[in-house]
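Peer 1: Residue numbers (our numbering), protein chains in the order written: chain A, 116 to 525; chain B, 116 to 525.
Glycine residues also receive a C-beta, built at the ideal position from the N, C-alpha and C atoms.
There's a structure below that I have some questions on.
Written out as structure tokens, the structure is:
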């Protein structure tokens, strides 16, 4: 009975579902080298300092800084070169007063030395003696033990999405295996008697399945594994058995609804048959996307998407993507999903609902513009022509041309 | 002889290399459903119109619009309902004057009808008769044939990166296989006598390999396949044979240089031995990243990265990522790599070089701030603490606090 349900603002609807999900995260252990874009489920700290020995940051000479004090082009300091620090080895050299050792970038600083003079600031006198043309301070051109990371320092908290530099940082400390969230498996069912497989040629009144594929793409980008379940007829028994098989094989179930009223109600009935508490949200104050159904069945979230492709994409972005991230424990969504731009046209809206407007991102006059792509919400190619969406907030009556807007990219 | 080479601005250096690469792109055919984030190598057009029949966009009644002209709550139009359009079928119904047929969202509009009245704008009189409470214009609540895509319309040009909605759009038209660029294979060699595998425990003077992993992550994100070749000793013969094996197995070769002067020169000699024309750029006006080596060997690009992790990441971002995109024919880099934010501190620079400054992206006072992460360019964890980099241009002496800057995310 849809009437029993209040149309909820999207944030409230999402929170309601999240509050009914179990808090535990399915974990797997992976080679760090294979964990790009995965979500850490453990807090990691540095077992050792990085670097673990003082290193030169320049090609030059390791010296005692005090020996160079006062040195200038007109009055150089004279040092005797007692050898070269071999790369990758502890140096046997020990630098005494008025001595120096050749030290390339990355080399270990030999004992006794406390600074490095850049080679450009020296002059060779003969095979063993150099002039230093400028003073260096103690510590100059050296990375000290623990300057990159101190022993025991926190590296990452659980919920962090691993980027290329993070993988490198873990490797630097010898953390070659990590515990990350298992990728949530998302079963996707497409319903509708008018929907056929893209491989088939539609007869009159038939359309090819679109939502399975747009949703699968969104799932993959959010870190999930899409499990397309095919197209299911608008029939209660058939749909229940497909939905049960889907939810049993997955962590999340998505039903892209047939577009008629009767099949939308069917989705709700099917969802209620799958487990407790069942349907929790039936309708959200979003345009497009109002006839959204959200529920939880025995601890697994179920998302009932409106049938039309634009609404389906808006709703999947609003609910499915955050759910997939939450199931991985993500603390902060990647910044790369959002860009700011100036709005190129006025957009009007109605207070009391969130409006999602598709926009194209255009670079003009050295800045980014969000250009609304107007079109009926049933047109898949209006999505194709767009780079993302902007949200006109619940309480707003519109956004003016020239205002800065945030684009959620897709 | 490094002296022979001029230090080039990054854009010129990249262009020089690109101009020496073959223009053909390695192509493979894929199921469209498997082609997310791949780059099209063909121009695609619509063989048929979308939709291929007129569809209702609302739940309601298909009518002749003229029958509703003048209708209002006080003076409704009376229509007789002759049936319901079944979903997914050509309707056998034909709408005559003063007739209507039930048509749900997505249903085919029966012949004779030219508009749909929303169900909310009607009232049932009895089993077969309705009142229409508001007039509809011809075409209202209908998507016409070709309104989404016209027959023959261009869908995508070669070079387009396929997003979730694009996959959906292709499926809608029955384009279930596409020709896309093969993923460029990128062999990555790490050199340096001080560099050891992350699995090993470093002795004094030794450090674990970092660049293989950060570069591999950047390669994967740019659409390439990283092929790590392990750590190779700083020895000409060993390095030549590893480099030859790498470039033979791949489309691009990356050598992360040992950090001493001698091994940097070694990289150049090795590169020259691999094929013509060999080294083309030896040094770029970038900080960090000046000692970059770029070349082309028998049609394959070779990138010699500086050894320190921050420089390596800057240089890989400046040259390797664009090269990988170019080899796939990418026309426009994804917008999601760039965000705009306000700079939180002054940054000074020296005209004549591009400075890359790592920043953290912080949300404060309802807007994004770019907060510089200062640190020696040898510190891998300064990268870990950053979300991206901003570029202080070649001719600039700095950027002021409060200015809008563009962040290249990593």
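(1) Please check the pair residue 591 of chain A and residue 186 of chain A, which I expect to be a contact at CB under 8 Å, by giving their CB distance rounded to whole angstroms.
(2) Which residues mark the beginning and the end of the alpha helix (DSSP H) in which residue 305 of chain B is found?
(3) Listing by chain order, which chain A residues have their CB less than 7 Å from the CB of residue 493 of chain B?
(4) Would you call the stretch 420-427 of chain A and the stretch 485-496 of chain A touching, i.e. three or more CB-CB distances under 8 Å?
(5) What ranges does the beta strand (DSSP E) occupy inside the stretch 264-304 of chain B, keeping only unbroken runs of at least 3 residues that lie completely in it?
(6) According to the Cβ coordinates, are residue 168 of chain B and residue 202 of chain B closer than 8 Å?
(7) Please decide whether residue 496 of chain B counts as near chain A, where near means a Cβ-Cβ distance under 8 Å.
(8) Specify, as a first and last residue, the run of the beta strand (DSSP E) that residue 423 of chain A falls within.
(9) Just grab the DSSP bridge partners of residue 143 of chain A for me.
(10) Examine the ligand NAP and report whether any of its heavy atoms sits within less than 7 Å of the Cβ of residue 458 of chain B.
(11) Name the two residues that bound the continuous alpha helix (DSSP H) containing residue 499 of chain A.
(12) Would you say residue 233 of chain B reaches chain A, if we count a Cβ-Cβ gap shorter than 8 Å as a contact?
(13) Distance, Cα to Cα, residue 290 of chain A vs residue 313 of chain B?
(14) When the Cβ atoms of the stretch 257-274 of chain A are set against those of the stretch 305-325 of chain A, are three or more pairs found closer than 8 Å?
(15) Assign residue 256 of chain A to one of three DSSP states: helix, strand, or coil.
(16) Looking only at its own chain, which residues have a Cβ that is under 8 Å from the Cβ of residue 117 of chain B, when we skip the five neighbours before and after it?
(17) From the DSSP output, in three-state form, read off residue 434 of chain A for me.
(18) Within the same chain, show all residues whose beta-carbon is closer than 7 Å to that of residue 119 of chain A, passing over the 5 residues directly before and after it, in chain order.
(19) Please report the Cβ distance between residue 227 of chain A and residue 209 of chain A, rounded to the nearest whole angstrom; I am assuming they are in contact, meaning their Cβ atoms lie under 8 Å.
(20) Tell me which residue opens and which closes the beta strand (DSSP E) that residue 453 of chain B is part of.
(21) Counting only C-beta atoms, is residue 223 of chain A closer than 8 Å to chain B at any point?
(22) Where does the unbroken alpha helix (DSSP H) through residue 192 of chain B begin, and where does it stop?
(23) For the candidate residues A:294, A:281, A:230, whose alpha-carbon lies nearest to that of residue 256 of chain A?
(24) Let me see if you follow: with CB-CB separation under 8 Å, is residue 278 of chain A close to chain B or not?
(25) Does the beta carbon of residue 117 of chain A sit closer than 8 Å to a beta carbon anywhere in chain B?
(26) Do we get a CB-CB distance below 8 Å when we pair residue 167 of chain B with the residues of chain A?
(27) Three-state secondary structure (DSSP) at residue 118 of chain B?
(28) Please report how far the alpha carbon of residue 127 of chain B lies from the alpha carbon of residue 369 of chain B, in whole angstroms.
(29) With DSSP as the reference, identify every bridge partner of residue 215 of chain A, one or two as the case may be.
(30) DSSP three-state call for residue 388 of chain B: helix, strand or coil?
(31) Does the CB of residue 289 of chain A have a neighbour CB from chain B at under 8 Å?
(32) My understanding is that residue 282 of chain B touches residue 332 of chain A, with C-beta atoms under 8 Å, so please give their C-beta distance in whole angstroms.
(33) Can you say whether residue 471 of chain A is buried or exposed, counting buried as having 16 or more other CB atoms within 10 angstroms of its CB?
(34) Can you tell me which of the three DSSP states residue 125 of chain B falls into?
(35) Check residue 157 of chain A in the structure and name its three-state DSSP category.
(36) Does residue 453 of chain A get closer than 8 Å to chain B when you measure Cβ to Cβ?
Peer 2: So, from the listed chains and residues:
(1) Outside the modelled stretch of chain A, which goes from 116 to 525, sits residue 591 of chain A, for which no answer is possible.
(2) Premise fails: residue 305 of chain B lies in the beta strand (DSSP E), 300-306, not in any alpha helix (DSSP H).
(3) Those are 172, 258, listed as they occur along chain A.
(4) yes
(5) 269-271, 292-296
(6) no
(7) yes
(8) Taken as a continuous stretch (DSSP letters only), residue 423 of chain A belongs to no beta strand (DSSP E), as it is neither H nor E.
(9) A:295
(10) No copy of the ligand NAP occurs in the structure displayed, which carries no ligand at all.
(11) Residue 499 of chain A: member of the alpha helix (DSSP H) spanning 495-499, first to last residue.
(12) no
(13) 8 Å
(14) no
(15) Three-state result, residue 256 of chain A: coil.
(16) Reliability fails at residue 117 of chain B, whose pLDDT of 42 lies under 50, so the model's placement of it is uncertain and no value is given.
(17) helix
(18) In this predicted model, residue 119 of chain A has a pLDDT of only 49, less than 50, meaning its place in the structure is not dependable; the value taken from the coordinates is given anyway. No residues qualify anywhere along the chain.
(19) 5 Å
(20) 453-458 is the span of the beta strand (DSSP E), which, as asked, contains residue 453 of chain B.
(21) yes
(22) Not the alpha helix (DSSP H): residue 192 of chain B falls in the beta strand (DSSP E), residues 192-199.
(23) A:230
(24) yes
(25) The pLDDT assigned to residue 117 of chain A is 42, lower than 50, so where the model puts this residue is not dependable; a value taken from the coordinates is nonetheless given after this. Taking Cβ atoms only, chain B never reaches closer than 8 Å to residue 117 of chain A, which makes this a no.
(26) yes
(27) Low confidence applies to residue 118 of chain B: its pLDDT is 44, below 50, so where it sits in the model is not reliable, and the reading given next is rough at best. Looking at residue 118 of chain B - three-state DSSP - the assignment turns out to be helix.
(28) Cα to Cα, the separation comes out at about 20 Å.
(29) A:178, A:196
(30) helix
(31) yes
(32) In this structure residue 282 of chain B is in contact with residue 332 of chain A, their Cβ atoms being roughly 5 Å apart against a cut-off of 8 Å.
(33) buried
(34) helix
(35) Reduced to three states, the DSSP call for residue 157 of chain A is coil.
(36) yes
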